[in-house]
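In the working numbering, the protein residues as written are 566 to 880.
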């Protein structure tokens with residue numbers, strides 16, 4: 566916390582990628598929210614994740630809204646949302662750090678509630694989506710992801726909670742000290758522990774533009790969660806192998822019984838091929854699961870940086 570007599574500094578970390586249409590709306594919403602939170606100092610850390618449009622120029626045009634309060638980090642290319650979020654956390658200086666997206670689906674109007682809980686002594690305050698503007702299929706897939714993630718994870722993961730939320734300085738320091746390549750901030754945030762609480766909200770639609778999280782990127786994030794916070798898939802592979810062997814043994818015993826006591830051998834090319842395919846499928850699934858873990862070990866051992874910064878400056 567800040568020294569006596571000095572208001573706490575709150576950092577707002579915002580990854581941006583091709584968001585030229587939302588920047589002016591975002592800054593206006595942030596200004597309104599910040600003005601409603603008296604007794605704090607503020608800084609904005611925006612991380613441009615390799616935008617190909619006029620996002621950076623729009624940020625520079627909006628800097629008079631927060632004079633001397635904006636830091637801009639530009640990546641050399643698109644590295645992804647989680648690396649951008651990590652870069653922002655590393656450069657934040659606040660006693661507490663708020664992570665949010667630029668599309669206003671993470672409404673700045675929740676800042677007062679975050680700060681109230683922070684003042685009560687909570688180290689992590691996360692937003693919980695009670696509803697979202699999305700198709701039925703997308704809502705179903707998101708719901709399934711969070712429930713599967715919670716089931717598989719070896720730590721308690723809150724349901725329907727993304728990266729939007731506030732973390733105290735000690736939590737942020739722990740997160741940026743973790744030398745992990747497949748970063749998933751919402752999972753690591755739960756892993757570190759401390760006092761945590763959720764704030765329910767209705768997630769609105771985008772203020773403008775189109776989503777930057779493609780289906781492939783969502784799958785990649787889900788895989789990072791499943792394989793980064795659980796060894797259960799490895800156990801499932803083992804159980805699948807044991808079950809396959811058990812079925813094969815039962816079939817062999819049945820064939821032996823039929824030969825000795827019924828005088829015939831069970832006929833059926835289809836059943837034999839089916840058993841072979843089941844066993845082969847189980848083996849391939851097991852190899853694939855092992856490959857996911859080995860691939861992550863390989864990436865970690867390569868030691869490449871999570872991102873490359875092209876430039877960073879104060880606005």
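Just so it is clear, CB atoms sit at the ideal spot from N, CA and C, and this is done for glycine as well.
With a threshold of 8 Å, establish whether the CB of residue 593 neighbours any heavy atom of the ligand MG.
This structure simply doesn't include the ligand MG, nor any ligand for that matter.
Simplified DSSP state of residue 728, which is helix, strand or coil
Numbered from 1 along the chain shown, position 163 holds the residue referred to as residue 728. In the structure shown, the three-state DSSP call for residue 728 is strand.
Take every Cβ of the region 728-748, pair it with every Cβ of the region 680-688, and state whether three or more of those distances are shorter than 8 Å.
Counting Cβ pairs under 8 Å, three or more are found: they touch.
Helix, strand or coil for residue 639? Go by DSSP, reduced to three states.
For this step, residue 639 is matched to residue 74 along the chain shown. Strand, per DSSP.
Going by the CB atoms, is the gap between residue 638 and residue 892 shorter than 9 Å?
Nothing can be reported for residue 892: it is not among the residues displayed for the chain, which extend from 566 to 880.
Out of 722, 660, 692, 652, state which residue places its alpha-carbon closest to the alpha-carbon of residue 674.
As a working mapping, residue 674 is identified with position 109 in the chain shown. Nearest option by C-alpha distance: 692.
Name the two residues that bound the continuous alpha helix (DSSP H) containing residue 748.
Taking the chain shown and counting its residues from 1, the one referred to as residue 748 is at position 183. Counted as a single uninterrupted DSSP element, the stretch harbouring residue 748 is not any alpha helix (DSSP H), since DSSP gives it neither H nor E.
Count the C-beta pairs between the region 737-753 and the region 637-653 that are closer than 8 Å, then say yes if the count reaches three, no if not.
At 8 Å Cβ cutoff, the stretches touch.
Whether or not the region 859-874 and the region 587-604 are in contact is what I'm after, with contact meaning three or more pairs of Cβ atoms, one per stretch, closer than 8 Å; do they touch?
Touching, no.
Residue 816, DSSP secondary structure in three states:
On the chain shown, position 251 is the one that residue 816 refers to. In the structure shown, residue 816 falls within a helical segment according to DSSP collapsed to helix, strand and coil.
What are the start and end residues of the alpha helix (DSSP H) that includes residue 656?
Here residue 656 refers to the residue found at position 91 of the chain shown. Boundaries of the alpha helix (DSSP H) harbouring residue 656: 646-656, taken from the DSSP string.
Less than 9 Å between the beta carbons of residue 813 and residue 855, yes or no?
Residue 813 sits at position 248 when you count from the first residue of the chain shown. Residue 855 sits at position 290 when you count from the first residue of the chain shown. Not in contact: residue 813 and residue 855 (Cβ atoms no closer than 9 Å).
So within the region 657-685, which uninterrupted alpha helix (DSSP H) runs reach at least 4 residues, ignoring any that extend past its ends?
Taking only runs of at least 4 residues, the alpha helix (DSSP H) segments lying wholly in the region 657-685 are 676-684.
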